[in-house]
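Protein chains in written order, with this note's numbering: chain S, 1 to 131; chain P, 1 to 131; chain A, 1 to 131. Heads up, the beta-carbon is just placed ideally off N, CA and C, and yes, glycines get one too. What you are looking at is a predicted structure, and each value in this text was computed from that prediction instead of being measured. Have a look at the structure below, then the notes.
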Amino acid sequence: MEALAIVTALALVQAVLFAFQVGAARVRHGISAPAVSGHDEFERHYRVHQNTMEQLIIFLPSLWMFGYFIHPYWGAGIGLIFVLSRFMYQRAYIKDPKSRSGAFGVGFMTMAILLLGSIVGAVMRLVASMQ
Amino acid sequence: MEALAIVTALALVQAVLFAFQVGAARVRHGISAPAVSGHDEFERHYRVHQNTMEQLIIFLPSLWMFGYFIHPYWGAGIGLIFVLSRFMYQRAYIKDPKSRSGAFGVGFMTMAILLLGSIVGAVMRLVASMQ
Amino acid sequence: MEALAIVTALALVQAVLFAFQVGAARVRHGISAPAVSGHDEFERHYRVHQNTMEQLIIFLPSLWMFGYFIHPYWGAGIGLIFVLSRFMYQRAYIKDPKSRSGAFGVGFMTMAILLLGSIVGAVMRLVASMQ
Chain S
1 MEALAIVTAL ALVQAVLFAF QVGAARVRHG ISAPAVSGHD EFERHYRVHQ
51 NTMEQLIIFL PSLWMFGYFI HPYWGAGIGL IFVLSRFMYQ RAYIKDPKSR
101 SGAFGVGFMT MAILLLGSIV GAVMRLVASM Q
Chain P
1 MEALAIVTAL ALVQAVLFAF QVGAARVRHG ISAPAVSGHD EFERHYRVHQ
51 NTMEQLIIFL PSLWMFGYFI HPYWGAGIGL IFVLSRFMYQ RAYIKDPKSR
101 SGAFGVGFMT MAILLLGSIV GAVMRLVASM Q
Chain A
1 MEALAIVTAL ALVQAVLFAF QVGAARVRHG ISAPAVSGHD EFERHYRVHQ
51 NTMEQLIIFL PSLWMFGYFI HPYWGAGIGL IFVLSRFMYQ RAYIKDPKSR
101 SGAFGVGFMT MAILLLGSIV GAVMRLVASM Q
């Protein structure tokens, strides 16, 4: 469980870091709140952050359910690959939005493994408890 | 607990599905990232996805707290209605944003029951533990 | 644990309240869905809500991990300050977006304490379990 908590905390720290970078891009390009457009580089940071938050809502429950129903260390290991892939995703998106597919794909695959593993694990546990 | 996990996983699969549909609408209407506007149908899919993510953050903790403090199977059953209502919401919003209120209302009601039930359950447990 | 659940429920009720206020501002200024811009006051409510949702994803796991690894009542107390700071943040943002920094800072500090405390707690527990 500690391993899952540490991967969770890393994912949260990453999200806070991305939020800071949105704020920095806001200042750098003189875009006053509440505007969220006006400069391409700002919009890229904004989209990276938004996409990361959207994925986080899927990732965290999947991580913990996988860790609980399948295996905590396998869950933490796959989760770590997810967090690293999001750094690669950010780097690619800022450089050129069109190049983001590779890193996105790696992150998506790890998330899908965690989510599908959770479903299989929970259904198997439910069936076993009914016998 | 397995029942809560399965409903959680269904809600996450639904969110991933909605995200895919945003991506498909992006391609269909030739809207390149990071833009998030430019065609009405794309914007509808985008808003459905955004609204679903916003609700997911409220729904998941409410579901688990209700399941823990009140009853797991009742929680899972109400949660399942929530997930189904979000499919109805999507269908209505895409057809005509003005027609979304009915499905939104059903989803909101189930979410409110889970959230208010959690509060009542947690407060009752806290009071009982103090006696 | 009940104390953490109650603070969680308060944060969720707050988020629902902010969502309602976005909807009310939408009606008040005649901005039809799916548009999310068109009037400054609406955009401020929209941004307050968005920012609150983004922070909620970081806050809730941090709150529970802090509560589990460090101390539930300390976690709940710090979490309560976070929720209050978000009301101050909303009030400041609506009045003048430039004045939001103070309340944002208080909220951010409490979130950072919960998140960093979680990491320290989880790592210490992991190290202790290895000995």
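What is the residue span of the alpha helix (DSSP H) that Arg91(S) lies within?
-> For Arg91(S), the enclosing alpha helix (DSSP H) has its first and last residue at Pro72 to Lys95.
For Ala25(A), the nearest candidate out of His39(A), Gly117(A) and Gly79(A) (CA to CA) | Cα-wise, what sits closest to Ala25(A) is His39(A).
Could you name the residues of chain S that Gly56(P) contacts, counting a contact when the two beta carbons are closer than 7 Å?
-> Sequence inspection shows Leu at residue 56(P); the Gly mentioned does not correspond to that position. What Leu56(P) touches in chain S: Ile57.
Given that Met53(P) touches chain S, what residues does it touch there, using C-beta distances under 7 Å?
-> For a Cβ distance threshold of 7 Å, residue set Glu54 and Ile57 of chain S lies close to Met53(P), ordered along the chain.
Between the C-alpha atoms of Met130(A) and Ile6(S), what's the straight-line distance to the nearest angstrom?
-> Approximately 15 Å between the Cα atoms of the pair.
Would you mind reading off the limits of the alpha helix (DSSP H) that contains Arg100(S)?
-> Run containing Arg100(S): none; DSSP gives neither H nor E here.
What residue from Met88(P), Gln14(P), Lys95(P) and Gly75(P) has the CA that sits closest to Leu116(P)'s CA?
-> For Leu116(P), the nearest C-alpha among the options comes from Gly75(P).
Using a Cβ-Cβ cut-off of 8 Å, state whether Ile6(S) counts as contacting chain A.
-> For Ile6(S), the answer is yes, since a Cβ of chain A falls inside 8 Å of its Cβ.
Could you spell out where the alpha helix (DSSP H) holding Ser62(S) opens and where it closes?
-> Note, Ser62(S): alpha helix (DSSP H), Asp40 to Phe69.
With 16 as the cutoff for other CB atoms within 10 Å, does Met111(S) come out buried or exposed?
-> Of the residues assessed, Met111(S) falls on the buried side of the cut-off, its CB having 16 or more other CB atoms within 10 angstroms.
Gly67(A) to Leu80(A) span [Cα, whole Å] = Distance between the alpha carbons of Gly67(A) and Leu80(A) is about 13 Å.
Neighbour list for Val123(P) in chain A, Cβ cutoff strictly below 7 Å = Ordered by position in chain A, the residues that pass the 7 Å Cβ test against Val123(P) are Ile6.
Does Ala9(P) get closer than 8 Å to chain S when you measure Cβ to Cβ?
-> Closer than 8 Å: yes.
Round the Cβ separation of Glu54(A) and Ala19(S) to the nearest angstrom and send it over; I've been treating them as touching at under 8 Å.
-> Indeed, because the Cβ distance is near 7 Å, the residues count as touching under 8 Å.
Can you pull the chain A residues whose beta carbon is under 7 Å from the beta carbon of Glu43(P), in chain order?
-> Under the 7 Å cutoff, chain A gives Pro34.
If you count every other CB in all the chains shown that lies within 10 Å of the CB of Ser62(S), and 16 or more means buried, which is it?
-> By the neighbour-count rule (16 or more Cβ atoms within 10 Å), Ser62(S) is buried.
Where does Val137(A) land, buried or exposed, given buried means 16+ other C-beta within 10 angstroms?
-> The structure shown does not extend to residue 137(A), since chain A spans only 1 to 131, so no value can be given for it.
Please go through the same chain and pick out, in chain order, the residues whose beta-carbon is closer than 8 Å to the beta-carbon of Ile58(P), but skip the five residues on each side of it.
-> If the five residues before and after Ile58(P) are omitted, its C-beta is found closer than 8 Å to the C-beta atoms of Met111 and Leu115, all from its own chain and listed in chain order.
When we look at the beta-carbon of Leu17(A) and count the other beta-carbons within 10 Å, is it buried (16 or more) or exposed?
-> By the 10 Å Cβ count, Leu17(A) comes out exposed.
Assign Tyr93(A) to buried or exposed, taking buried as 16 or more other Cβ atoms, counted over all protein chains shown, within 10 Å of its Cβ.
-> The C-beta of Tyr93(A) has 16 or more other C-beta atoms within 10 Å across all chains shown, which makes the residue buried.
Identify, in the order they occur along the chain, each residue of the same chain with its Cβ nearer than 7 Å to the Cβ of Arg86(P), setting aside the five sequence neighbours on each side.
-> The answer, listed in chain order, is Gln14, Thr52 and Gly107.
Would you mind sorting Val22(P) into buried or exposed? The rule is 16 or more other CB atoms within 10 Å of its CB.
-> Its Cβ being crowded by 16 or more others within 10 Å, Val22(P) is buried.
Using a Cβ-Cβ cut-off of 7 Å (strictly less than) and excluding sequence neighbours within five positions of Ser118(S), which residues of its own chain qualify?
-> In the same chain as Ser118(S), and ignoring 5 residues on each side of it, the C-beta atoms closer than 7 Å to its own belong to Ser62, Met65, Phe66 and Phe69, in chain order.
Chain P contact residues for Ser129(S), given Cβ-Cβ distances below 8 Å = The answer, in chain order, is Glu2.
CB of Ala103(P) within 8 Å of CB of Met88(P), strictly = Cβ distance < 8 Å, so Ala103(P) and Met88(P) count as in contact.
Taking the alpha-carbon positions, what's the Thr8(S) to Ala122(S) distance?
-> The C-alpha of Thr8(S) lies about 21 Å from the C-alpha of Ala122(S).
Quick one: list the residues of chain A neighbouring Leu17(S), beta-carbon separation under 7 Å, in chain order.
-> What Leu17(S) touches in chain A: nothing, since even the nearest Cβ is about 11 Å away.
Between Arg26(S) and chain P, is there a C-beta pair that is closer than 8 Å?
-> Taking 8 Å as the CB threshold, Arg26(S) stays off the interface with chain P.
Spell out whether any CB of chain P is found under 8 Å from the CB atom of Ile119(S).
-> Yes - at least one Cβ of chain P is within 8 Å of the one on Ile119(S).
Nearest chain A C-beta to Leu115(S) closer than 8 Å, yes or no?
-> Judged by the 8 Å Cβ criterion, Leu115(S) is not in contact with chain A.
C-beta contact flag for Trp3(A) and Pro72(A) at 8 Å | The question names Trp, yet the displayed sequence has Ala at residue 3(A). For the 8 Å CB-CB criterion, Ala3(A) and Pro72(A) form a contact.
Listing by chain order, which chain S residues have their CB less than 8 Å from the CB of Ala65(A)?
-> Before going further, note that residue 65(A) is Met rather than Ala in the sequence given. Near Met65(A) (Cβ distances below 8 Å), the residues of chain S are Ala5, Thr8 and Ala9.
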